[in-house]
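> Chains as they are written, first to last, in my numbering: chain A, 1 to 188; chain B, 1001 to 1322.
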Ligand code: SF4
Ligand code: SF4
C-alpha cells in the first residue's frame, strides 16, 4: 500500500538549536551558503513581552506539487508514495521549478550545478526504513515523522489530538509537512 | 519583527536574469514582425513593388528568423546545463508551458524559414554562389502552390509563440506579479507593437522604399492605435494586481513605487516606450508634418519600451515574492 507520509513540526517544543539543519547538511553534503532545511528564529513583541517564533523552512512535499507540473523534462517527478524527487541527469537547470515553488524550497547546488531540495533523506535513510536525519537528531522531539495511514503511528495520533496548520494551504498544494502553532501568543 | 537567526540569501537569487528578458523580447519581436508582415501582405491593396508595405513584408520575413534563432541561442546558453538541452526535445510534459513553448517553437521556426525563402526567392536565385542550393530552391518553389496554407499556419504559430511567453510567467502562482491572466495579452500586444516598430525601422533603413506622405501618415496612425491599446492594457494589468488583495496588492504597490525598478517602469516603459511616441504621433498628425525622422524616433522608442517591459516584469516578479 502507498504510504501517506507526514512530518509534524511542533513550534512549542522547538528551541531553535539548529541540530536538524546541521544533521541535514552532513547527511546530504549540502554546500556552504545554501540550505535544504533551516529553522528561522525571530523575536516578536515589545519588551518585556517578548516571544520567540520558530519557522521551519524546507520542501513541504506537496501532494499536488507545482514544481513537478512545470518541469519540461520530467526531471522533477512524484513517486508512488507521493514524494517529490529530482532525476539529476535529466535536469537541464532551467530553474522553472525553483520559481514555481511557493515555499521557495529549491535552490541550485553550486557544486553540482543542479537543482536540489529536501528529499526526506529518501536514498540514504527513508528507503531503509530510517527516519529523515533532521527527525532523528531533534533534541526536543519537536519533529515527528511517519505514515498517517497507520492508525497508531505517532503522527496519526498527534494529528488526531492537535490542531495542524498546513503552510499556504489556500494554494491547494496539500503539503505533507505541517506544524503545530505556538500556543502562547505574544502579549502586546 | 527582528530576524535573529536564518539565512535568506538563497531566496534573493534572481534565477531568471536579463538573458530571459532579452529572450522574451526577441521571441516577441519575431512573432510580432511576422504577424505584421502577414497582415500587411493579406490586406494591402495596391501591389506595387516599391511601397513601404512591401518593405515591411520583407523586413518582417528577415527579422523573424534572425531574432527567433538569436533568442533560442540565448535561451539555451542561459540554462544551467546548456549541453543537456536535448532533454527538452525528447521529453514532453503537456502540463508545462515550457514544454508547450518548445513545441510551438519547433513548429514555428521551420515555417518562418520556409516563408522567408519564399519571399526572397528572386533574390536568392540571383546569387550564383547559392546555386548548390538549386534543388532546395526548386523544392521551395514547388511550395508556392501551398503559399496561402503556409501563411495561415505561420500566423497561428506566431500567435502561439507571442502568447506563450506570457503564459510561461503567468502559470506560476508562486509569483504574485506574474500570476495574472492579463499578462499574456499584454505580452502579445507589446510584441505586435515591437513587430510594427522593427518592420518600419528595418524597412526604412534597408529596403529604401519610396516614402511618401501617405505611407508615413498610415504608419503613424498604426503606431497610435497600438499605443492606445497597450496603455489601457497595462493599466488593467496593474489595477487587477492592486485590487488582488493581501500580498498581491502590497507587492504590486512596492513594484510600482520602490527603487530603480519602479523608475525603469515609469521612465522606461511608460515614458519612453509609450508617452514619447504618443506625443510625437499626435504632434505630427495635428500639424500635418510627416517626417521620416519622427517614424524612426518612434520605432526606436517603442522597441526600447518593449524590452524594458520584459526586463521590469522578469525582475519585479522575482524581487517582490511576498
Ligand atoms: S515545497 Fe516546493 S519543491 Fe517541495 S514539493 Fe512543494 S512545490 Fe515542490
Ligand atoms: S530546473 Fe530541472 S527539475 Fe527544475 S524544471 Fe528545469 S529541468 Fe525540471
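Virtual Cβ for every residue (Gly too), placed ideally from N, Cα, C.
At the 8 Å Cβ level, is residue 1080 of chain B part of the contact set with chain A, yes or no?
Chain A, which has a Cβ nearer than 8 Å to the Cβ of residue 1080 of chain B, makes this yes.
> Along the chain, where does the beta strand (DSSP E) containing residue 43 of chain A start, and where does it finish?
Unbroken beta strand (DSSP E) run through residue 43 of chain A: 37 to 46.
> Would a C-beta distance cut-off of 8 Å place residue 159 of chain A and residue 148 of chain A closer than the cut-off?
Yes, these two residues count as a Cβ contact at 8 Å.
> Examine chain A for any beta-carbon lying closer than 8 Å to the beta-carbon of residue 1162 of chain B, and answer yes or no.
No, its Cβ sits nowhere closer than 8 Å to a Cβ of chain A.
> Find out if the Cβ-Cβ distance for the pair residue 37 of chain A, residue 20 of chain A is shorter than 8 Å.
Taking 8 Å as the Cβ cut-off, residue 37 of chain A and residue 20 of chain A qualify as a contacting pair.
> Given 7 Å as the limit, tell me if residue 84 of chain A has its C-beta closer than that to any heavy atom belonging to ligand 2.
Not under cutoff, so the answer is no.
> Going by DSSP, what residue range makes up the alpha helix (DSSP H) through residue 1161 of chain B?
Taken as a continuous stretch (DSSP letters only), the alpha helix (DSSP H) holding residue 1161 of chain B covers 1147 to 1170.
> Output, in chain order, the set of chain B residues within a Cβ distance shorter than 7 Å of residue 69 of chain A.
Within 7 Å Cβ-Cβ: 1095, 1096.
> To the nearest whole angstrom, what separates the beta carbons of residue 1029 of chain B and residue 1195 of chain B, a pair I think is in contact under 8 Å?
Rounded, the Cβ-Cβ distance is 6 Å, consistent with contact.
> At the 8 Å Cβ level, is residue 1001 of chain B part of the contact set with chain A, yes or no?
Interpretation of residue 1001 of chain B is limited by its pLDDT of 49, a score under 50 that renders its predicted location unreliable; no figure is taken from the coordinates.
> Cα separation between residue 1104 of chain B and residue 1037 of chain B?
Answer to the nearest angstrom: the Cα atoms are 19 Å apart.
> Are the C-beta atoms of residue 42 of chain A and some chain B residue less than 8 Å apart?
Taking Cβ atoms only, chain B reaches closer than 8 Å to residue 42 of chain A, which makes this a yes.
> Which residue's Cα is closest to the Cα of residue 1056 of chain B: B:1200, B:1245, B:1235?
Comparing Cα-Cα distances from residue 1056 of chain B to each of B:1200, B:1245, B:1235, the minimum goes to B:1200.
> Looking at C-alpha atoms only, which residue of A:9, A:72, A:29, A:146 is the closest neighbour of residue 124 of chain A?
Residue 124 of chain A has its Cα closest to that of A:29, out of A:9, A:72, A:29, A:146.
> Closer than 8 Å is the cut-off here; do at least three beta carbon pairs connect the segment 57 to 71 of chain A with the segment 92 to 110 of chain A?
Yes, the segment 57 to 71 of chain A touches the segment 92 to 110 of chain A.
> Quick check on DSSP: helix, strand or coil for residue 150 of chain A?
In the structure shown, residue 150 of chain A sits in coil (DSSP, three-state: anything other than H, G, I, E or B).
> Just jot down, in chain order, the residues whose CB lies closer than 6 Å to any heavy atom of ligand 1.
Taken from the N-terminal end onward, the list reads A:59, A:60, A:61, A:62, A:65, A:66, A:67, A:84, A:101, A:103, A:105, A:106, A:117, A:173.
> Check whether the Cβ of residue 95 of chain A lies closer than 8 Å to any Cβ atom in chain C.
Among the protein chains of the structure shown, namely A and B, there is no chain C.
> Please report the residue range of the beta strand (DSSP E) in which residue 51 of chain A lies.
Start and end: 49 to 58.
> Mapping DSSP to helix, strand and coil, what is residue 107 of chain A?
Note: residue 107 of chain A maps to strand in three-state DSSP.
> If residue 1025 of chain B and residue 1307 of chain B are in contact, beta carbons under 8 Å, what's the gap, nearest whole angstrom?
Contact flag correct, Cβ pair sits at about 5 Å.
> Taking the straight line between their C-alpha atoms, what separation do you get for residue 18 of chain A and residue 39 of chain A?
For residue 18 of chain A and residue 39 of chain A, the distance between alpha carbons rounds to 7 Å.
> Would a check of beta-carbon distances place residue 28 of chain A closer than 8 Å to chain B?
It does not; no Cβ of chain B falls within 8 Å.
> Report the start-end ranges of each alpha helix (DSSP H) in the segment 1193 to 1242 of chain B that is 4 residues or longer and not cut off at the edges.
List check, alpha helix (DSSP H) in window: 1213 to 1242.
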